Amino acid sequence: MTPPPTAAGAPHDPGHPRRPGRAGEPDATGDSGDAGEPGRPGDPGVGTLRRVLGRLGVHTMVGRDIVLAAVWAVVTIGFLATLLAAGEFSGASSDIPPAQVVVVIVLAVVQYAPLALRRVRPVTVLLLIAVLQAALLTVLPTGLALWTAAPVVAAYTVATLRPTRTVVTAVLAAVGIAVIGAAIGASGVVKDQLGAPHGFGDVGAVVEALALVASAVLINGVSAAVGSWVALRRAHDRDARARAAESLEHQATLTRAAVAAERTRMARELHDVAAHHLTGLVVQAGAAERLVDADPDRAKESLRSVRAQGRETLDALRSIVGILRETGEGPTGTVPVPGLGDVGDLVDSARASGAVVEVTVDGALPTLAPLADVTAYRTVQEALVNARRHAPGAPVVLELWATPGSLLIVVENDRPGSGGPRSMPGYGLVGMRERAVLVGGTLDAGDDGAGRWRVRLELPVEAADGVGGSGSGSAACSAPASRSAGGADPFATADPGANTDSGANTGSGANTDSGANTDPAATAGPPAGSAPASRPDAGDPEPPTDGRQR
Numbered sequence: 001m002t003p004p005p006t007a008a009g010a011p012h013d014p015g016h017p018r019r020p021g022r023a024g025e026p027d028a029t030g031d032s033g034d035a036g037e038p039g040r041p042g043d044p045g046v047g048t049l050r051r052v053l054g055r056l057g058v059h060t061m062v063g064r065d066i067v068l069a070a071v072w073a074v075v076t077i078g079f080l081a082t083l084l085a086a087g088e089f090s091g092a093s094s095d096i097p098p099a100q101v102v103v104v105i106v107l108a109v110v111q112y113a114p115l116a117l118r119r120v121r122p123v124t125v126l127l128l129i130a131v132l133q134a135a136l137l138t139v140l141p142t143g144l145a146l147w148t149a150a151p152v153v154a155a156y157t158v159a160t161l162r163p164t165r166t167v168v169t170a171v172l173a174a175v176g177i178a179v180i181g182a183a184i185g186a187s188g189v190v191k192d193q194l195g196a197p198h199g200f201g202d203v204g205a206v207v208e209a210l211a212l213v214a215s216a217v218l219i220n221g222v223s224a225a226v227g228s229w230v231a232l233r234r235a236h237d238r239d240a241r242a243r244a245a246e247s248l249e250h251q252a253t254l255t256r257a258a259v260a261a262e263r264t265r266m267a268r269e270l271h272d273v274a275a276h277h278l279t280g281l282v283v284q285a286g287a288a289e290r291l292v293d294a295d296p297d298r299a300k301e302s303l304r305s306v307r308a309q310g311r312e313t314l315d316a317l318r319s320i321v322g323i324l325r326e327t328g329e330g331p332t333g334t335v336p337v338p339g340l341g342d343v344g345d346l347v348d349s350a351r352a353s354g355a356v357v358e359v360t361v362d363g364a365l366p367t368l369a370p371l372a373d374v375t376a377y378r379t380v381q382e383a384l385v386n387a388r389r390h391a392p393g394a395p396v397v398l399e400l401w402a403t404p405g406s407l408l409i410v411v412e413n414d415r416p417g418s419g420g421p422r423s424m425p426g427y428g429l430v431g432m433r434e435r436a437v438l439v440g441g442t443l444d445a446g447d448d449g450a451g452r453w454r455v456r457l458e459l460p461v462e463a464a465d466g467v468g469g470s471g472s473g474s475a476a477c478s479a480p481a482s483r484s485a486g487g488a489d490p491f492a493t494a495d496p497g498a499n500t501d502s503g504a505n506t507g508s509g510a511n512t513d514s515g516a517n518t519d520p521a522a523t524a525g526p527p528a529g530s531a532p533a534s535r536p537d538a539g540d541p542e543p544p545t546d547g548r549q550r
């Protein structure tokens, strides 16, 4: 006689994936969050069933399990009714009493009641169903092996919600209970109470009991194995989703950091370009305003300088905007990057604005890495701009000290008086410090204790770097010079009126074109026969610190 479908006909259980430590516990909503839930990876059929139950007003975990248990109970009743109608319910017995039929149907249907709590107390439900199934085995007609879907669903649920050790223990306990029920059924004690026939005799009863035990092992074992496989698959899916989410978060963090770094870099570049040129514009415009009546010719000259600096500012801003608007599609142009070799242009620009800039270069300037080269240039640029902005008219001293392992740049000027207008604080010093840190250098800015403002930048020089022009052409400032030695100013301009340092433009042609000097020996030291640049503190690698004595 054909029993009802078991493992193949069992509903797909949307049991919650095992969670470490508290596997299968319902969440705050009363749902254990099984994999078939819409919006989560899982069985599409379970998701459809959930949506249907949701439209019927069933939203909780227990509510869904009650509905499923009721459906399976109705299916089992229909199956048993079909057996009765076909005359197959008696098994190998010629006739069975009505009391036995009623008891079998009741014990088969009542097994589905505990399934309402299968995901709340899965082990308890499995053992309770095992007891009911064992009771059913004690009263089954001889030759009828009747197993409902309840043990299948219960064993599957335990395997999806509980650790492996608990699953094995629960399944063995369920099989043991089934063995007891099969033994009692083979003895015929309960059947005698109901007046039911035995059918096969003693040997046949033992064989039937062994077959029922084998069925119990197979049904519980296979169901638990399938549940364990599903739990492992869900755990793997959870881990994969967690790793994917972690990877996305890591990528988002890297993106945010890159965007922040790029914003900082853009802010530094915009500040350095705008502050340098706009400060010159303000100074020249102020000079033109003062001279417009007293000296119209000089006022016109200042206005022409304003116009020229305005064009330079516009070109610089256009180059930055062009870089920002590049999409990476097709070839893009390159923008020249200033470096240590362009410091002479900064000095010329400052002197053209009326500033008094004295320059000292001690030693042959080394070749710097590209980023360090830009850092040196921007630091000198910002220091000269700050001197013009905060201490207009005060002499500025620029010193470059080259040693085998480092390049020291010092810019000093007198502190502004207390009676002048105070400028709004900016981000220049912050940008200089950030640039120095990026290249492994150090920057100090503040009062030197003698009433002067000092900016001191020390950049490391790689041992493999040669001596000579920097990335932008350091040959412009490679000739050693010292005011104390009476040497020439390496940043002197061709216009005597633009340089207030007497005798400082004897070598003007050397500093305006980074490629003007093609002789490598020109960058290695002073010309033959000339005295090398002297430092008053020879033997001391650091420049004087009093801000005045040199």
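Every letter in the sequence shown is one number past the one before it in full-length UniProt numbering, and letter 157, counting from 1, is 157.
Even glycine gets a Cβ: it sits at the ideal position worked out from N, Cα and C.
Every value quoted in this text rests on a predicted model; they were computed, and no experiment measured them.
Query: Quickly, what does DSSP pair residue 409 with across the bridge? List them, please.; Result: 400 and 457
Query: Could you tell me which of 374, 346 and 222 sits nearest to residue 552, measuring between CA atoms?; Result: Here the chain covers residues 1 to 550 and nothing more, so residue 552 does not appear.
Query: What residue range is occupied by the uninterrupted beta strand (DSSP E) comprising residue 361?; Result: 357–362
Query: Would you give the residue range spanned by the beta strand (DSSP E) that residue 446 belongs to?; Result: 442–447
Query: Return the first residue and the last residue of the alpha helix (DSSP H) that residue 128 is part of.; Result: 122–139
Query: Cα separation between residue 405 and residue 390?; Result: 33 Å
Query: For residue 458 and residue 283, I'd like the C-alpha separation in whole angstroms.; Result: 30 Å
Query: If I'm right that residue 436 touches residue 411 with Cβ under 8 Å, what's the distance once you round it to whole angstroms?; Result: With 8 Å as the limit, residue 436 and residue 411 do not qualify as a contact, their Cβ atoms being about 14 Å apart.
Query: With distances taken Cα to Cα, identify the nearest neighbour of residue 351 among 445, 397 and 363.; Result: 397
Query: Determine the burial state of residue 56: buried for a count of at least 16 other Cβ atoms within 10 Å of its Cβ, exposed for fewer.; Result: exposed
Query: Confirm, please, whether the CB-CB distance from residue 363 to residue 401 is below 8 Å.; Result: yes
Query: Just how far apart, CA to CA, sit residue 117 and residue 161?; Result: 13 Å
Query: By how many angstroms is the C-alpha of residue 349 removed from the C-alpha of residue 340?; Result: 15 Å
Query: So if DSSP puts residue 452 in a beta bridge, which residue, or which two residues, is it bridged to?; Result: 414
Query: Whole angstroms is fine: what's the gap from residue 183's alpha carbon to residue 242's?; Result: 50 Å
Query: May I ask which residues mark the beginning and end of the alpha helix (DSSP H) holding residue 100?; Result: 98–110
Query: Do the CB positions of residue 145 and residue 112 come within less than 8 Å of each other?; Result: no
Query: Evaluate the contact criterion for the stretch 149–160 versus the stretch 117–128: three or more CB pairs, one atom per stretch, below 8 Å.; Result: yes
Query: For residue 123, which residues from the same chain have a beta carbon less than 7 Å from its beta carbon, with the 5 sequence-adjacent residues on both sides left out?; Result: 158, 162, 166 and 170
Query: Under three-state DSSP, which class holds residue 378?; Result: helix
Query: Grab me the residues of residue 65's own chain with a C-beta within less than 8 Å of its C-beta, minus the 5 sequence neighbours each way, in chain order.; Result: 115, 116, 117, 118 and 119
Query: Using C-beta distances below 8 Å, list every residue in its chain close to residue 377, excluding the 5 sequence neighbours before and after it, in chain order.; Result: 338, 339, 340, 342, 343, 346 and 472
Query: On a Cα-Cα basis, can you pick out the residue from 442, 409, 444 and 453 that is closest to residue 394?; Result: 453
Query: Consult DSSP for residue 212 and reduce its assignment to one of helix, strand or coil.; Result: helix
Query: Which value, in whole angstroms, describes the spacing of the CA atoms of residue 358 and residue 387?; Result: 13 Å
Query: Quick check on DSSP: helix, strand or coil for residue 181?; Result: helix
Query: Determine the closest residue to residue 392 out of 415, 231 and 148, with distance taken between C-alpha atoms.; Result: 415
Query: First and last residue of the alpha helix (DSSP H) that includes residue 154?; Result: 150–161
Query: Measure how close the beta-carbons of residue 148 and residue 108 come, nearest whole angstrom, since I'm counting them as under 8 Å.; Result: 5 Å
Query: Which value, in whole angstroms, describes the spacing of the CA atoms of residue 106 and residue 247?; Result: 55 Å
Query: Does residue 545 come out as helix, strand or coil in the three-state DSSP assignment?; Result: Because residue 545 carries a pLDDT of 39, less than 50, the predicted location of this residue cannot be relied on, and the following value inherits that uncertainty. Here residue 545 sits in coil by DSSP.
Query: Can you check whether the CB of residue 100 is closer than 8 Å to the CB of residue 62?; Result: no
Query: Classify residue 240: buried if its beta carbon has 16 or more other beta carbons within 10 angstroms, exposed otherwise.; Result: exposed
Query: In this structure, does DSSP put residue 118 in helix, strand or coil?; Result: coil
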